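Quick notes on the structure that follows.
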Amino acid sequence: MDEQNYLAFDIGGTSVKWGLLTKEGTFLQKSTFSSEGSDGKVILQKIKEVVDLYRSSLQGIAVSAPGFILPSGYIEYGGAIDAFTEFPFQEVLSRNTGLPVSIENDVNCVALAEKWLGNAQKLTDFVCITVGTGVGGALYLNNALYRGNNFRAGEAGFMVTNGLQSTMKGGDTLSTLASMTGLREKYAAYHSLDPEKVTGEMVFQAYDEKEPAAVHIVEDFYRSLAIGIFNINSFLNPQKILIGGGITSRPSFIRELQSHLSYVDNVFHAEIELCRFKNDAGMIGALAFFHSQYENHQSPSILKAKIPLDK
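The sequence shown begins at 1 in full-length UniProt numbering and counts up by one.
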């Protein structure tokens with residue numbers, strides 16, 4: 001087996017996706033394991049078990065994870081994996097495996113994947129937005145990943161987009177109003193259903209069938225997302241805004257979003273496009289970040305993000 005292989009892990013609240021990749025980002029193998037209900041030790045142990053399967057061919061381990069992550073690999077806030085809050089992830093995993101390890105925020109990894117091999121290869125200024133359980137964001141400005149003073153830049157989901165009048169859990173943030181979680185919870189509340197039994201597919205099917213409640217809820221979802229995009233575009237003026245997440249597999253997603261964006265954006269005319277990568281984005285971006293940390297001689301195809309290596 002090629003001695004230039006890498007393992008990439010994309011840690012999420014319900015599952016961990018992993019892949020064995022070549023240096024150039026080609027998948028040789030990929031799979032998943034559950035993270036739901038797991039504490040940090042269990043996840044780390046499962047990662048080590050995968051590493052042991054391929055150890056002889058590995059050059060390093062690249063990790064994508066939610067939360068606020070310092071360049072040192074220390075997780076200040078673990079997001080969906082609370083057990084990793086205030087945890088020196090990179091140091092611990094490297095010590096346990098004896099291999100070089102990198103870890104970066106999950107949405108930042110999406111942006112890096114798009115810059116390296118996706119729809120942002122020719123861009124110097126773009127924003128990534130992911131729509132899923134919440135709304136995430138990443139900024140790539142002046143041909144570099146922009147992380148902010150406390151390494152928390154791009155957290156679009158915390159943006160208040162509807163005043164301060166909501167009684168919904170989570171308030172009036174973009175993550176509440178324009179996420180699949182918010183969509184499902186609104187639909188469940190209207191029909192007195194268990195939110196855990198309501199899926200995004202169920203809500204959009206009702207929307208396509210023109211059920212009045214679903215139409216109102218989905219239109220509000222698109223309107224809120226359009227407002228968030230307008231705010232980002234008017235403030236940063238990027239070349240393009242790339243959107244990722246499971247909802248983007250809906251064939252009419254861009255058209256429906258654009259129709260709402262046209263109501264609020266008659267000045268800046270945001271250019272929006274779907275991310276190229278879907279479920280593999282976190283792993284590809286994690287590998288791109290690994291290269292930026294550990295490889296001194298990068299080919300022109302490797303991202304040129306100026307990512308600081310220490311705080």
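For glycine and all other residues, C-beta sits at the position ideal for the given N, C-alpha and C.
Given the structure is predicted, the values throughout are model-derived calculations rather than measurements.
Of the listed residues the options, nearest to residue i (C-alpha basis)
i, options, result
"Y74", "A83, P88, P66, G67", "P88"
"G154", "K48, L177, F126", "F126"
"I61", "A83, F84, D220, W18", "W18"
"S57", "K122, L20, L177", "L20"
"N143", "A80, L44, E114", "E114"
"Y222", "T22, S94, F289, S262", "S262"
"V50", "T32, P71, E36, W116", "T32"
"K48", "V101, P71, Y77", "V101"
"T133", "G12, L99, K278, G282", "G12"
"Y6", "L99, A214, Y187", "L99"
"F289", "T85, L112, L28", "L112"
"I217", "K186, D82, R255, G37", "K186"
"Y54", "D82, L287, Q29, Q205", "Q29"
"F235", "G246, F268, R255, H191", "F268"
"L139", "H191, D52, I229", "I229"
"R95", "G25, Q45, D39", "Q45"
"Q121", "K240, H291, A270, T181", "K240"
Collapsed DSSP secondary structure at residue i in the structure displayed
i, result
"N237", "coil"
"residue 313", "Here the chain covers residues 1 to 311 and nothing more, so residue 313 does not appear."
"F9", "strand"
"T130", "strand"
"Y263", "helix"
"Q29", "strand"
"L70", "coil"
"Q45", "helix"
"G136", "strand"
"C275", "coil"
"I75", "strand"
"T14", "coil"
"N108", "helix"
"V198", "coil"
"F289", "helix"
"A281", "helix"
"Q4", "coil"
"I247", "helix"
"I254", "helix"
"I81", "coil"
"G89", "It should be pointed out that residue 89 corresponds to Phe in this sequence rather than to Gly. Looking at F89 - three-state DSSP - the assignment turns out to be helix."
"Q121", "coil"
"L193", "coil"
"G157", "helix"
"L21", "strand"
"S224", "helix"
"A188", "helix"
"N162", "strand"
Buried/exposed call for residue i, threshold 16 Cβ in 10 Å
i, result
"P238", "buried"
"K210", "exposed"
"Y207", "buried"
"T248", "buried"
"E196", "exposed"
"L93", "buried"
"Y77", "exposed"
"G148", "exposed"
"G37", "exposed"
"H260", "buried"
"K304", "Because the pLDDT of K304 is 38, which lies under 50, any placement of that residue in the model is unreliable, and the number read from its coordinates should be weighed accordingly. Exposed, by the Cβ-count rule."
"S224", "buried"
"D280", "buried"
"H291", "buried"
Beta-carbon proximity list for residue i, same chain, < 7 Å, skipping 5 on both sides
i, result
"N119", "L242, E273, C275, R276"
"Q4", "T22, K23, Q59"
"V215", "Y207"
"F253", "I247"
"R250", "F204"
"E256", "Y222"
"D2", "Only weak support is given to the placement of D2: the predicted model assigns it a pLDDT of 46, under 50, and the question is left unresolved by the model."
"D194", "A188"
6 Å CB neighbourhood of residue i in its chain, flanking five on each side removed
i, result
"V135", "A156, G157, L174, S175, A178, S179"
"S35", "S15, V16, I43"
"F151", "L70"
"residue 317", "With the chain covering 1 to 311 only, the question about residue 317 has no answer from this structure."
"A270", "I229, N233, I241"
Own chain residues within Cβ distance below 8 Å of residue i, not counting five before or after
i, result
"G137", "V107, V127, C128, I129, T130, G154, E155, A156, G157, I232"
"E201", "none"
Whole-number beta carbon distance between residue j and residue i, since they are thought to touch under 8 Å
i, j, result
"V264", "A226", "6 Å"
"V110", "G282", "7 Å"
"V63", "F9", "5 Å"
"P66", "A80", "5 Å"
"I284", "G40", "Incorrect: roughly 24 Å between the Cβ atoms, too far for contact."
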